[in-house]
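Residue numbers (the working numbering), protein chains in the order written: chain E, 1 to 175; chain Z, 1001 to 1175.
Glycine residues also receive a C-beta, built at the ideal position from the N, C-alpha and C atoms.
Worksheet: the structure to be examined is printed underneath.
There are 2 protein chains.
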Amino acid sequence: MGFWKSLFSGSDPLVNPASAADYSEGLQASGRAGSEQSNIFFSTERDIDLYELEELCDAVGWSRRPIRKVRKAIQHSFLVVSMWERRGNYKRLIGFSRATSDHAFNATIWDVVVHPDFQGRGLGKALMQQVIRHLRNEDISNITLFADPHVVDFYNQLGFVADPEGIKGMFWYPS
Amino acid sequence: MGFWKSLFSGSDPLVNPASAADYSEGLQASGRAGSEQSNIFFSTERDIDLYELEELCDAVGWSRRPIRKVRKAIQHSFLVVSMWERRGNYKRLIGFSRATSDHAFNATIWDVVVHPDFQGRGLGKALMQQVIRHLRNEDISNITLFADPHVVDFYNQLGFVADPEGIKGMFWYPS
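Next comes the structure, spelled out in structure tokens:
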């Protein structure tokens, strides 16, 4: 993890590279239990409980993937940003995203997920802004992704453009 | 480079991981000088002369990129496949492609280039087939790319599908 700590060290006032900092731009969540206040924070640490991540992905209906491959994918992603709810001493994984990259020109964002309990209050946008900020801080000029049809508008609002200059996203299928 | 040698070791009868093997499936090129026979081979080695690569990219009209960043991008690509013409003791870089990946699920192919002198004889297709084969050998299930409009048909012939199930390729632009 030393590489990542140094990579992002001091680069972003919103995210503490060593652990994770509070994100205090209007993301104070209303306490669902009605008692203890909760807040939302982001982290670029990779030591995520993969079973907790699997639960998050289950919650949005994604197909299960082998934990071993998910571990490898996280290890070899250029950037991982997770989103957490903190309530007292308890923290809960409520969002996730990662990006592959050549560390120089291009990055591609994968696996953007926000728990359904936390959707509809701008947290997906906040998560993506963290991802974009980190990639820009690393001087990545070409930030790309592949969007399912129902989230194209969401990404449009964040500054993503579909098929610019007629460029098409393509996927290979075995013949 | 040890990682790459072991990664591809013995996985592909067409490409020798340690150096580079002849590609003998109908790619015997006609000698332009009319005398010495030439042949085409592929390599996954990364010790490419970056000025020779720059010349190749110049030949197809790509914008110049800082050599330092190109070096970093190659270093951090999951796969690099170069295509060479060998004529006696002389070899010339005539094609290039690379892919970023999370080493588990996804790969994205970038910088596909074939020298204009060698276009129109199936070498772009052969280069891409090498890339796909290597990625499949590494159990990458999701092979993606972003295609300029004039090469969408080329990639279609190789098994790539644009916007499958309405998925859109998107690029981020600073606001």
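Quick one: give me the first and last residue of the beta strand (DSSP E) that residue i is part of.
{"i": "Z/LEU1180", "result": "Here chain Z comprises residues numbered 1001 to 1175, so residue 1180 of chain Z is not present and cannot be evaluated."}
{"i": "E/TYR90", "result": "90-101"}
{"i": "E/VAL131", "result": "Premise fails: E/VAL131 lies in the alpha helix (DSSP H), 123-137, not in any beta strand (DSSP E)."}
{"i": "Z/PHE1160", "result": "1160-1162"}
{"i": "Z/ASP1111", "result": "1106-1114"}
{"i": "E/ILE143", "result": "142-147"}
{"i": "E/GLY120", "result": "First-last for E/GLY120: undefined, no H or E at that position."}
{"i": "E/TRP62", "result": "Taken as a continuous stretch (DSSP letters only), E/TRP62 belongs to no beta strand (DSSP E), as it is neither H nor E."}
{"i": "Z/GLY1169", "result": "1168-1172"}
Give me, in chain order, the residues of the same chain whose beta-carbon lies closer than 8 angstroms to that of residue i; leave out the 5 immediate sequence neighbours on both sides.
{"i": "E/VAL70", "result": "LEU50, LEU53 and GLU54"}
{"i": "E/ILE132", "result": "ILE143, LEU158 and GLY159"}
{"i": "E/GLU165", "result": "none"}
{"i": "Z/SER1063", "result": "none"}
{"i": "Z/LEU1056", "result": "LEU1093, ILE1094, GLY1095, PHE1096, VAL1113 and HIS1115"}
{"i": "E/ILE186", "result": "The displayed coordinates of chain E run from 1 to 175. Any statement about residue 186 of chain E would go beyond what the structure contains."}
{"i": "Z/ASP1163", "result": "GLY1169"}
In its own chain, which residues sit with a C-beta less than 6 angstroms from the C-beta of residue i, not counting the 5 before and 5 after it?
{"i": "Z/VAL1114", "result": "GLY1095, LEU1123 and GLY1124"}
{"i": "E/GLN130", "result": "PHE42 and VAL81"}
{"i": "Z/THR1146", "result": "One point to set straight first is that residue 1146 of chain Z is Phe, not Thr, in the sequence displayed. Correct list, in chain order: GLY1169."}
{"i": "Z/ARG1046", "result": "ILE1074 and VAL1080"}
{"i": "E/MET128", "result": "LEU158"}
{"i": "Z/PHE1118", "result": "ILE1094"}
{"i": "E/TYR155", "result": "ALA147"}
{"i": "Z/ARG1121", "result": "none"}
{"i": "Z/VAL1060", "result": "VAL1113"}
{"i": "E/GLU25", "result": "Because the pLDDT of E/GLU25 is 40, which lies under 50, any placement of that residue in the model is unreliable, and the question is left without a value."}
{"i": "E/PHE171", "result": "none"}
Check the Cβ-Cβ distances between residue i and every residue of chain E, and say whether any is below 8 angstroms.
{"i": "Z/ASN1089", "result": "no"}
{"i": "Z/ASP1022", "result": "With a pLDDT of only 42 at Z/ASP1022, under the threshold of 50, the placement of this residue in the model should not be trusted; the figure read from the coordinates follows. Judged by the 8 angstroms Cβ criterion, Z/ASP1022 is not in contact with chain E."}
{"i": "Z/ILE1132", "result": "yes"}
{"i": "Z/ALA1126", "result": "no"}
{"i": "Z/SER1175", "result": "yes"}
{"i": "Z/GLU1025", "result": "Because the pLDDT at Z/GLU1025 is just 40, under 50, the model does not fix this residue reliably, and the point stays unresolved."}
Would you give the residue range spanned by the alpha helix (DSSP H) that residue i belongs to?
{"i": "Z/ILE1067", "result": "1067-1075"}
{"i": "Z/TYR1051", "result": "1050-1059"}
{"i": "E/ASP47", "result": "First-last for E/ASP47: undefined, no H or E at that position."}
{"i": "Z/PHE1154", "result": "1152-1157"}
Looking only at its chain, what residues have a beta carbon closer than 7 angstroms to the beta carbon of residue i, apart from the 5 residues adjacent to it on each side?
{"i": "E/LEU135", "result": "LEU79, ALA99, ALA107 and ILE143"}
{"i": "E/SER141", "result": "PHE105"}
{"i": "Z/GLY1088", "result": "GLU1036"}
{"i": "E/ASP153", "result": "none"}
{"i": "E/ASP111", "result": "PHE96, SER97 and ARG98"}
{"i": "Z/TYR1173", "result": "none"}
{"i": "Z/ARG1086", "result": "SER1038, ASN1039 and PHE1041"}
{"i": "Z/ILE1167", "result": "none"}
Does chain Z have any CB closer than 8 angstroms to the CB of residue i?
{"i": "E/SER77", "result": "yes"}
{"i": "E/ASN39", "result": "no"}
I want to know whether the region 37-44 of chain E touches the region 81-100 of chain E - three or more CB-CB distances under 8 angstroms. In short, these stretches touch, since the Cβ pair count reaches three.
Contact between the region 1060-1077 of chain Z and the region 102-116 of chain E is defined here as three or more beta-carbon pairs at a separation below 8 angstroms; is this criterion met? Because the criterion of three Cβ pairs below 8 angstroms is met, the region 1060-1077 of chain Z and the region 102-116 of chain E touch.
If contact means a Cβ-Cβ distance below 7 angstroms, which residues of the region 94-123 of chain E contact chain Z? From the region 94-123 of chain E, only THR100, SER101, ASP102, HIS103, ALA104, PHE105, ASN106, THR108 and TRP110 have a Cβ closer than 7 angstroms to chain Z.
Report the residues of the region 1143-1172 of chain Z with a CB closer than 7 angstroms to any CB of chain E, ordered along the chain. Along the region 1143-1172 of chain Z, the positions whose C-beta sits under 7 angstroms from a C-beta of chain E are ILE1143, THR1144, LEU1145, PHE1146, ALA1147, ASP1148, PRO1149, VAL1152, TYR1155, GLY1159, PHE1160, VAL1161, ALA1162, ASP1163, PRO1164, GLY1166, ILE1167, LYS1168, GLY1169, MET1170, PHE1171 and TRP1172, read in chain order.
For the region 49-64 of chain E, list every residue whose C-beta sits within 9 angstroms of some C-beta in chain Z, in sequence order. Those would be none; no residue qualifies.
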